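In my numbering, the protein residues as written are 2 to 214.
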Amino acid sequence: MIAKLSFILVLTVLAACAHQSDDDYPVRHGKIPEPVAPPAVPPAAPQPLPTPSVPLVTLPAPPPPSPIVQTNPTPRSAPGTSSPAVKSTASSSTPAAPGALQISDPLSAPVKRLINSAEESLKKGKILEARSLADRAYRMDLRDPRTSFLMARVAEKEKSYDDAEQWAMRSLENLGDSRNKLVVWNFVAKVREKNGNKKGVQEAMRKVNELKR
């Protein structure tokens with residue numbers, strides 16, 4: 002009985018092996034199995050970049066605000082009162098140079114500027130410059146005795162004594178006060194003496210004495 006069962010079991014195993022297909026044994030029949038791809042590995046998460054260490058910089062504390070200085074307003078004068086007048090140190094008119102005529106009549110601004118510049122040039126010994134300025138002043142105001150007498154003084158510095166006398170006599174034509182006439186006649190006497198005109202000096206001094214009376 003046991004032998005019969007063993008025989009049946011062997012037959013069953015052999016039948017099972019006979020029904021296996023060639024796919025079950027590919028290498029045995031010359032077939033190479035297709036490669037199986039390995040399972041995909043999920044990409045690793047990116048690691049954060051290291052943050053460089055920055056040294057802490059301590060900023061200086063801001064300076065304290067400057068104190069506000071309050072200024073007291075200038076008190077206003079009470080109604081009916083006036084502030085004291087401030088005396089001006091500058092004179093209203095330029096004083097005449099030594100030897101020049103003393104006349105209070107105003108001059109035009111350009112003529113006055115030219116005369117003052119000519120006087121400065123005479124002081125510095127710049128005779129040619131003084132003559133140019135005096136000539137321009139005279140052309141701008143022919144009738145003012147200050148311009149013609151300035152020409153006389155410049156001519157004296159140039160040692161042109163005849164011209165100096167003629168310019169001085171021209172200034173006398175427009176002079177009315179005896180004080181300035183006295184200045185001109187003294188000048189005439191001086192240039193006549195430098196020119197060797199003794200008789201003319203005596204005549205000029207006689208005029209001077211008459212004006213002094």
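Think of the CB as a built atom: it goes at the ideal place given N, C-alpha and C, for glycine as much as any other residue.
Predicted model, so just to flag it, every value in this text is computed and none were measured.
Cutting at 6 Å between CB atoms, please list the residues of its own chain near residue i, excluding the five before and the five after it.
i           : result
residue 192 : 157, 162, 165 and 166
residue 169 : 153, 185, 188 and 189
residue 105 : none
residue 132 : 155
In chain order, what residues of the same chain lie with their CB nearer than 8 Å to the CB of residue i, ignoring the 5 residues before and after it?
i           : result
residue 109 : 141 and 142
residue 213 : 183
Counting C-beta neighbours from all protein chains within 10 Å, is the total for residue i 16 or more, i.e. buried, or is it exposed?
i           : result
residue 147 : buried
residue 125 : exposed
residue 86  : Caution applies to residue 86, whose pLDDT of 43 falls short of 50 and renders its modelled position unreliable; the value that the coordinates give is listed next. When all chains shown are included, residue 86 counts as exposed.
residue 145 : buried
residue 211 : exposed
residue 123 : buried
residue 134 : buried
residue 80  : Below a pLDDT of 50, predicted positions are generally treated as unreliable, and residue 80, at 48, falls in that range; no measurement from the model is reported.
Round the Cβ separation of residue i and residue j to the nearest angstrom and send it over; I've been treating them as touching at under 8 Å.
i           : j           : result
residue 116 : residue 151 : 6 Å
Can you give me the Cβ contacts of residue i inside the same chain, cut-off strictly under 7 Å, excluding the 5 residues immediately before and after it?
i           : result
residue 137 : 115
residue 111 : 141
residue 102 : 146, 147, 150, 181 and 184
residue 130 : 122
Does the count of Cβ pairs from the stretch 169-181 and the stretch 199-207 closer than 8 Å reach three? no
Which runs of the alpha helix (DSSP H) spanning at least 4 residues fall entirely within the stretch 146-205, listed in chain order? 146-158, 162-173 and 179-195
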